[in-house]
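In this text, residue positions in the sequence shown follow this note's numbering: the first is 231, and each later residue adds one.
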Amino acid sequence: QLQFHRGGGCWSYIGMQGGSKQLISIDSGCGLLGIISHEISHVLGIDHTLNRFDRDAYVSVNIGAVASNNQNNFAKRTNTDNNNFGVPYDYGSDMHYGAFDISVNGQAVLVASQAEYLNTMGQRKSLTFNDYKMINSLYNCFASCSKQMFCQNGGYPSPKYCNSCVCSDFYTGTNCQTPKTTISLTTSVGSKTTYHQDYDSGLYSSGNNYNWDMFGKDAVKIIRAPEGKRIKVTINQVYAAYGQLSCYQGCPFVGLEFVDNVNGDLTTMGKIFCCTKDENTSFTSKSNVIGYKAYASPGMPFDAAVTYTVV
């Protein structure tokens with residue numbers, strides 16, 4: 231039996247501890263869904279992402295910025311006591327610390343090997359696709375079905391609906407075989423620019439022959455270049471009506487997210503941009519496929535323009 235209480239901070243033990251009750255501390259400031267699900271995941275046996283045995287390829291730890299009584303939170307596991315069930319390292323996992331979490335001197339505790347993931351680390355909106363996949367794998371929830379589904383594009387068998395798969399945001403279908411809206415780039419057309427805005431900004435102009443994305447209607451897309459090519463992504467414009475509030479670390483209110491992995495995997499969270507300082511930022515994809523998402527909180531006008539070029 232789990233017992234939630236105000237025990238001084240947000241914390242729980244990892245895995246079952248025995249006894250009739252197990253405590254989870256949800257004190258003041260811990261009421262976010264992502265924080266509560268983080269602590270419950272610990273009880274279910276899920277460790278911090280940054281403790282994975284393969285973490286050195288993704289983050290470096292500045293242990294000098296951590297109080298001595300918290301340094302054990304950054305201990306790296308070995309590949310013999312850390313089974314990740316084939317789930318990739320995810321900067322955006324609900325189980326990942328933010329760059330400055332529990333820093334005692336204002337320095338970054340975690341430095342991503344790719345700087346663009348600074349805003350991805352430490353999100354506490356909710357569990358991610360890979361978080362759910364990890365929990366289902368740990369408990370072998372798929373075994374509840376007599377027939378195992380073959381799932382494509384990183385999906386996993388649904389333990390609730392045995393004739394279907396659970397898909398990432400970018401795919402649908404019984405086996406996750408069908409891509410959602412896709413923008414296909416060609417070498418014959420040099421670049422393609424998409425313009426994005428939410429419903430509140432009032433800047434929509436139907437007279438332009440642009441590809442407008444209205445948030446909430448079609449804010450998830452796959453950008454695909456020909457095989458063997460890459461995609462140069464350039465953020466031309468980022469407009470948010472509330473200025474620096476939109477630049478808050480982690481981009482919790484508005485943002486553009488680009489999922490970009492070597493093997494074209496679109497199950498992880500991606501690089502997130504939300505601030506005017508991100509204008510004119512560009513990067514080249516690791517494969518010929520990128521996943522794109524846009525989001526805006528209610529009442530937070532947000533517009534952006536992004537150019538994709540085949541390289």
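For glycine and all other residues, C-beta sits at the position ideal for the given N, C-alpha and C.
Predicted, not measured: the structure shown is a model, and the values here were computed from it.
Leaving out the 5 sequence neighbours to the left and right, which residues in its chain are closer than 8 Å to residue i when beta-carbon positions are compared?
{"i": "ILE452", "result": "PHE400, PRO409, LYS410, THR411, THR412, ILE413, LEU496, VAL519, ILE520, GLY521, TYR522"}
{"i": "ASP525", "result": "The sequence given here has Tyr at residue 525, not Asp. Closer than 8 Å at the Cβ level, and outside the excluded window around TYR525, lie PHE445, ALA449, VAL484, GLY485, GLU487."}
{"i": "THR514", "result": "ARG460, ILE461, LYS462, VAL463, VAL541"}
{"i": "SER586", "result": "Shown here, the chain extends from 231 to 541; a query on residue 586 therefore has no answer."}
{"i": "ILE276", "result": "ILE244, MET325, ASP361, MET364, ILE365, LEU368"}
Return the chain-ordered list of same chain residues with a C-beta closer than 6 Å to the C-beta of residue i, the five sequence neighbours on each side being excluded.
{"i": "THR350", "result": "TYR321, GLY322, MET499, ILE502"}
{"i": "TYR440", "result": "Bear in mind that the predicted position of TYR440 carries a pLDDT of just 36, short of 50, making it unreliable; the figure below should be weighed with that in mind. Hits under 6 Å: TYR425."}
{"i": "ASP508", "result": "ILE465, VAL468"}
{"i": "PHE234", "result": "ILE254, ILE256"}
{"i": "ALA470", "result": "SER476, VAL484, PHE532"}
{"i": "CYS548", "result": "In this structure the chain extends from 231 to 541, so residue 548 is not present and cannot be described."}
{"i": "SER356", "result": "LEU263, GLY264"}
{"i": "ASN438", "result": "At ASN438 the pLDDT is 36, less than 50, meaning the model places this residue with poor confidence and gives no usable figure here."}
{"i": "ARG307", "result": "ASN281, PHE283"}
{"i": "HIS278", "result": "MET325"}
Would you mind reading off the limits of the alpha helix (DSSP H) that contains residue i?
{"i": "ASP361", "result": "359-368"}
{"i": "SER271", "result": "263-273"}
How would you label residue i, buried or exposed, when you count the other beta carbons within 10 angstroms and need 16 or more for buried?
{"i": "PRO528", "result": "exposed"}
{"i": "ASP311", "result": "exposed"}
{"i": "ASP286", "result": "exposed"}
{"i": "ALA329", "result": "buried"}
{"i": "SER436", "result": "A caution first: SER436 carries a pLDDT of 36, below 50, which makes its placement in the model unreliable, though a value can still be read off. The residue in question, SER436, is exposed, as its Cβ has fewer than 16 Cβ neighbours within 10 Å."}
{"i": "SER343", "result": "exposed"}
{"i": "PRO387", "result": "buried"}
{"i": "LEU232", "result": "exposed"}
{"i": "PHE380", "result": "exposed"}
{"i": "TYR369", "result": "exposed"}
{"i": "VAL334", "result": "exposed"}
{"i": "ASN299", "result": "exposed"}
{"i": "TYR243", "result": "exposed"}
{"i": "ASN393", "result": "exposed"}
{"i": "ASN383", "result": "buried"}
Between which two residues does the beta strand (DSSP E) carrying residue i extend?
{"i": "LEU253", "result": "252-256"}
{"i": "ILE461", "result": "461-470"}
{"i": "LEU486", "result": "484-489"}
{"i": "LYS501", "result": "501-503"}
{"i": "LEU232", "result": "232-235"}
{"i": "LEU340", "result": "340-342"}
{"i": "LYS523", "result": "519-526"}
{"i": "PHE532", "result": "532-540"}
{"i": "TYR424", "result": "Residue identity differs from the one stated: residue 424 is Thr in this sequence, not Tyr. Its beta strand (DSSP E) spans residues 421-427."}
{"i": "SER242", "result": "240-242"}
{"i": "LYS451", "result": "450-454"}
{"i": "TYR334", "result": "It is Val, not Tyr, that sits at residue 334 in the sequence shown. Premise fails: VAL334 is in no beta strand (DSSP E) and is neither H nor E."}
{"i": "VAL291", "result": "289-291"}
{"i": "ILE413", "result": "412-414"}
{"i": "SER512", "result": "511-514"}
Rounded to a whole number of angstroms, what is the C-alpha to C-alpha distance between residue i and residue j?
{"i": "SER418", "j": "SER290", "result": "41 Å"}
{"i": "LYS363", "j": "MET246", "result": "20 Å"}
{"i": "GLY458", "j": "ASN493", "result": "12 Å"}
{"i": "THR537", "j": "PRO389", "result": "40 Å"}
{"i": "THR358", "j": "ASN314", "result": "15 Å"}
{"i": "THR416", "j": "TYR327", "result": "39 Å"}
{"i": "GLY238", "j": "GLY420", "result": "57 Å"}
{"i": "TRP241", "j": "LEU280", "result": "17 Å"}
{"i": "SER367", "j": "LEU274", "result": "12 Å"}
{"i": "GLY432", "j": "ASN360", "result": "In this prediction, GLY432 scores a pLDDT of 39, lower than 50, which makes its location untrustworthy; the coordinate-derived value is nonetheless stated afterwards. C-alpha separation (whole angstroms): 36 Å."}
{"i": "VAL341", "j": "CYS505", "result": "20 Å"}
{"i": "TYR391", "j": "THR511", "result": "42 Å"}
{"i": "ALA455", "j": "TYR347", "result": "23 Å"}
{"i": "ASN309", "j": "ALA534", "result": "42 Å"}
{"i": "SER376", "j": "ILE270", "result": "29 Å"}
{"i": "GLY248", "j": "LYS422", "result": "58 Å"}
{"i": "THR404", "j": "ASN303", "result": "39 Å"}
{"i": "GLY316", "j": "THR539", "result": "32 Å"}
Taking 7 Å as the limit between beta carbons, can you name the residues of its chain near residue i, skipping five residues before and five after?
{"i": "LYS516", "result": "ASP490, ASN491, VAL492"}
{"i": "ASP284", "result": "TYR319"}
{"i": "GLN337", "result": "ASN292, ALA295"}
{"i": "SER267", "result": "ASP324, SER356, LEU357"}
{"i": "TYR472", "result": "MET530"}
{"i": "ALA305", "result": "ASN281"}
Do the segment 465-480 and the segment 339-358 touch if we need at least three Cβ pairs shorter than 8 Å?
Using a C-beta cut-off of 8 Å, the segment 465-480 makes contact with the segment 339-358, since at least three inter-stretch Cβ pairs fall below that distance.
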